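Protein chains in written order, with the numbering used here: chain A, 1 to 194; chain B, 1001 to 1404.
Even glycine gets a Cβ: it sits at the ideal position worked out from N, Cα and C.
It should be emphasised that the depicted structure is a prediction, and the values quoted were computed from it without experimental measurement.
Okay, structure first, notes after.
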């Protein structure tokens, strides 16, 4: 293995994310009240951060994301462009952040924030591409509803989107930090040591 | 029809822009047509993303023009006719949904735009599938080392049933422990942790199996020594007595007149617990503190290492005389990542010609190190399965093939 582990870890953790995405993801995707993109994005962050922490080599995170997207595309659910775009974009963001930070917790936090933001925005982008800008406007309109409910009416679209991105990024950062902790516990569980 | 290099036949009309221009067609005109079609494909791709009411129509027209320029039959082969019913249904549903929220005119406009985008994407994907030079892409991929990605996909698909099984077993075990029918929602993080650990173990096993079976495609290049030495691998669990056995064998070999040099890594203990380990020069007996148990353990940080000790071990290995039996007590994950004692060992193997290399290696890493070091021959001695490991190691060194 001089050293096959980065490849095998990318394969296994990518397969795990892909399997969860095409089973649980497809299931909760039906329910309009569950933000499936965010939930699945969170699961993905945990898988990818763990893979990177156990096999700290550049490219492991992105490769695991590509494997996950391949598993999703060959699953019974069939080709789901939104999920595939979200997975690859999220994995790319995490790869970038972890590579820049040298596989440290800061990278996991920044990467988590970036990945979850992309996962949330990809639905709007895919809607805009496949159906048109009107669908994207409708999605932004949905985001306005909770703000209207608390009295923040008539906010500009840019502000609504910025608020949404900020909240999602915060959740992503928290998921990144939690994933780093989980990855550490997993490493101790499997007895990985220097 | 024409005949391929392997005797197979194929329809030239399917070969598209990769086929040689037909007789009578000026190559310059073909090149110009291809360039124009490429620009149109690019324009159509960009127009899909432009948020303007006319953009979908422009994208569709560009895609149609590109298809006409490259291969008019692509329109028929894009499957639009077969998908026409689906496209109409998609348009009607979109129009109805938007009409409910706004008005019918708006709904029709949005539906037409959506159908135009769908048709554009179908044509573009057909052109891409039929005219991308796959052989060239594969050649680029091979040059970039992406060929390994195929093996990774294979591994991922093959391990899916194992992952599913381990998930079911973990869930059942957790439910039994919690005395419930199925794990509660609050147990999910725990279940995730267990599942991730399962995945990590399978990945480690797969890596070891890949190394054992010589899957070089999944591995970095091994150490290229001018002449690979024979190797005696001393293995066993942590604390099983590998270091003690190697030290005893070194003493016995020295007593027999052999030149033995290298490093040992005896453990250090506090309150009967292993607190770290030292690195010892086998020739002089000098020791340095190499690692101590970390107070805040994390992956790769269960022990914190002293860089000065690695500098010391580098000096020791650099001073090993040619023809000596070389001892490197512990080769572990750090060395597999190219760090630790590996750079010094690599230099030693390139510089001198040790007769035999005696290494202490954990059981699960033995295949990996055999693959990395590619010895001329190897004896693996498990100290837990051998009655007298000292004698076994000394005997293995004695019968190792000597180079002339």
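Contacts that residue 1201/B makes with chain A (C-beta to C-beta distance below 8 angstroms): 190
So which residues of chain B does residue 186/A contact, with C-beta pairs closer than 7 angstroms? 1193, 1196, 1197, 1200
For residue 70/A and residue 1397/B, the rounded distance between their alpha carbons: Between residue 1397/B and residue 70/A, the C-alpha separation is close to 49 angstroms.
In three-state DSSP terms, what is residue 1120/B? helix
Taking 9 angstroms as the CB-CB cut-off, is residue 92/A touching chain B? The beta carbon of residue 92/A does not come within 9 angstroms of any beta carbon belonging to chain B, so the residue lies off that interface.
Taking C-beta pairs closer than 8 angstroms, name the residues in chain E that residue 1331/B reaches, listed in chain order. The structure shown contains no chain E; its protein chains are A and B.
Counting contacts by CB-CB distance shorter than 9 angstroms, is residue 164/A in contact with chain B? In terms of beta-carbon proximity, residue 164/A stays away from the interface with chain B, with every pair separated by 9 angstroms or more.
Quick check on residue 1291/B: does DSSP put it in helix, strand or coil? strand
Give me the residue from 43/A, 184/A, 46/A, 67/A with the minimum Cα distance to residue 8/A. 67/A
Please report the straight-line C-alpha distance between residue 157/A and residue 1368/B, rounded to a whole angstrom. 56 angstroms
Bridge partners - residue 1260/B, DSSP secondary structure assignment: 1325/B
Would you kindly report the start and end of the unbroken alpha helix (DSSP H) that includes residue 1361/B? Per DSSP, residue 1361/B belongs to no alpha helix (DSSP H); it is in the beta strand (DSSP E), 1356 to 1361.
Can you name the residues of chain A whose CB is closer than 8 angstroms to the CB of residue 1204/B? For residue 1204/B, the residues of chain A that pass the 8 angstroms Cβ criterion are 5, 8, 190, in the order they occur in the chain.
Go through its chain and collect everything with a Cβ distance to residue 1110/B's Cβ below 8 angstroms, but skip five positions before and after it. 1094, 1095, 1098
If we define contact as Cβ-Cβ less than 9 angstroms, is residue 1101/B a contact residue for chain A? yes
When you compare the region 1311 to 1331 of chain B with the region 1169 to 1179 of chain B, are there three or more beta-carbon pairs, one atom per stretch, that lie closer than 8 angstroms? Under the 8 angstroms Cβ criterion, the region 1311 to 1331 of chain B does not count as touching the region 1169 to 1179 of chain B, having fewer than three qualifying pairs.
Can you round the beta-carbon distance between residue 84/A and residue 72/A to whole angstroms, since I take them to be within the 8 angstroms contact cut? 6 angstroms
For residue 1407/B, go through chain A and note every residue whose CB falls closer than 7 angstroms to its CB, in chain order. Lying outside 1001 to 1404, the shown extent of chain B, residue 1407/B is not represented and no answer is given.
Report yes or no: is there a C-beta of chain A within less than 9 angstroms of the C-beta of residue 1357/B? Answer no: the Cβ-Cβ gap between residue 1357/B and chain A never drops below 9 angstroms.
Touching or not, the region 1257 to 1265 of chain B and the region 1280 to 1288 of chain B, by the rule of three or more beta carbon pairs under 8 angstroms? yes
What would DSSP say about residue 41/A, mapped onto helix, strand or coil? helix
Quick test of the definition: if touching needs 3 or more C-beta pairs under 8 angstroms, does the region 99 to 107 of chain A touch the region 1184 to 1197 of chain B? no
I'd like to confirm the pairing. Which residues does DSSP put opposite residue 1267/B in its beta bridges? Answer by DSSP bridge pairing, in chain order: 1277/B.
Excluding the 5 residues flanking residue 1309/B on each side, which residues of the same chain have their C-beta closer than 7 angstroms to its C-beta? 1279, 1288, 1289, 1290
Tell me which residues share the same chain as residue 1344/B and place their Cβ nearer than 6 angstroms to its Cβ, disregarding the 5 neighbours each side in the sequence. For residue 1344/B, where only same-chain residues beyond five positions count, the Cβ hits under 6 angstroms are 1314, 1317.
Mark residue 6/A as exposed unless 16 or more other C-beta atoms lie within 10 angstroms of its C-beta, in which case mark it buried. buried
In whole angstroms, give me the CA-to-CA distance for residue 1062/B and residue 1045/B. 9 angstroms
Neighbour flag for residue 54/A against chain B, beta carbons, 9 angstroms: In terms of beta-carbon proximity, residue 54/A lines the interface with chain B, with at least one pair separated by less than 9 angstroms.
Alpha-carbon spacing of residue 37/A relative to residue 1305/B, whole angstroms: 42 angstroms
Could you tell me which chain A residues have their CB closer than 7 angstroms to the CB of residue 1155/B, listed as they occur along the chain? Neighbours of residue 1155/B on chain A, chain order: 8, 11.
Quick one: which unbroken alpha helix (DSSP H) runs of 4-plus residues sit fully inside the region 1053 to 1104 of chain B? Chain order, please. For the region 1053 to 1104 of chain B, whole alpha helix (DSSP H) runs of length 4 or above, ordered along the chain, are 1055 to 1070, 1073 to 1077, 1084 to 1101.
Using DSSP with H/G/I as helix, E/B as strand and the rest coil, what is residue 154/A? coil
In angstroms, rounded to a whole number, what distance separates the CA positions of residue 1151/B and residue 40/A? 26 angstroms
So, does the region 1191 to 1202 of chain B touch the region 1232 to 1243 of chain B, judging by three or more C-beta pairs under 8 angstroms? no
Beta-carbon neighbours of residue 182/A, restricted to chain B and to distances below 8 angstroms: From the beta-carbon of residue 182/A, the residues of chain B found nearer than 8 angstroms are 1189, 1192, 1193, 1196.
As an exercise, report each continuous beta strand (DSSP E) stretch of at least 3 residues that is fully enclosed by the region 103 to 182 of chain A, in chain order. none
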